[in-house]
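Participant: I have a structure here, written as structure tokens, and I will follow up with some questions on it.
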Amino acid sequence: MMTVTIAIVTAAVVAALAGWLLTRRSGNIREVHPESVRGADSDSADLGLSRTGPTVVHFSAPWCGPCDRVRRVVDQVCDDLGDVAHVEVDLDANPQAGRRFSVLSLPTTLIFDVDGQQRYRASGVPKAADLRSVLEPLLA
């Protein structure tokens, strides 16, 4: 009986650790260096990026529950900052865009500068404060 209990507790600890490792980056924004993005100009041209300011591109799908939260956060930040565009790409309708930008999970949010260079990337639901801190320097 004791061996079974130890096995169950060990399995639960391993499962919890694996879950934590898989989701620890969710919602974290990370900088993308333009030179590491292959063909950024041609790839981003068909996304409808703004030519007057940065653009937040949000990859979503109708079946994605967290995508609604991302939409609300991004809309709030874009409304607060003014000259920031928001483009939502339905991954079911446009899987080619997802492949071009290596979107492996939903939601995924990319931020492009005014020149169409991808500058930041977040998987999961980003915090509004994190998006603002990324976008404000791009507005200057």
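Numbering (the working numbering), first residue to last: 4 to 143. By construction, the Cβ of each residue, glycine as well, lies at the ideal position given by its N, Cα and C atoms.
Smallest Cα separation from V60: which of P140, P110, G22, V7?
Facilitator: With distances taken between CA atoms, V60 lies nearest to P110 out of P140, P110, G22, V7.
Participant: Under 8 Å: do the segment 90-97 and the segment 117-131 share three or more Cβ pairs, one atom per stretch?
Facilitator: In the pairwise beta carbon analysis, the segment 90-97 is classified as not touching the segment 117-131: fewer than three pairs are separated by under 8 Å.
Participant: Threshold first: 4 residues or longer. Then list the alpha helix (DSSP H) segments lying entirely within the segment 48-93, N to C.
Facilitator: The qualifying runs are 68-84.
Participant: Rounding to the nearest angstrom, what Cα-Cα distance links A132 and G101 in this structure?
Facilitator: Between the alpha carbons of A132 and G101 lies a gap of roughly 26 Å.
Participant: Quick check: the Cα distance between L84 and A18, rounded to an integer number of angstroms?
Facilitator: 41 Å
Participant: Tell me which residue opens and which closes the beta strand (DSSP E) that Q121 is part of.
Facilitator: For Q121, the enclosing beta strand (DSSP E) stretches over residues 121-126.
Participant: Using DSSP's beta-bridge definition, name the partner residues of L113.
Facilitator: V60, R124
Participant: Identify, in the order they occur along the chain, each residue of the same chain with its Cβ nearer than 8 Å to the Cβ of V90, setting aside the five sequence neighbours on each side.
Facilitator: L50, G51, L52, T58, V59, V60, H61
Participant: Label D71 either buried or exposed according to how many other C-beta atoms from any shown protein chain fall within 10 Å of its C-beta, with 16 as the threshold for buried.
Facilitator: exposed
Participant: Measure the CB-CB distance between L142 and D86 and report whether it falls below 8 Å.
Facilitator: yes
Participant: Throw me the rounded Cβ distance for the V92 and I114 pair, which I believe falls under 8 Å.
Facilitator: Going by Cβ atoms, the distance from V92 to I114 rounds to 14 Å, so no, they are not a contact pair.
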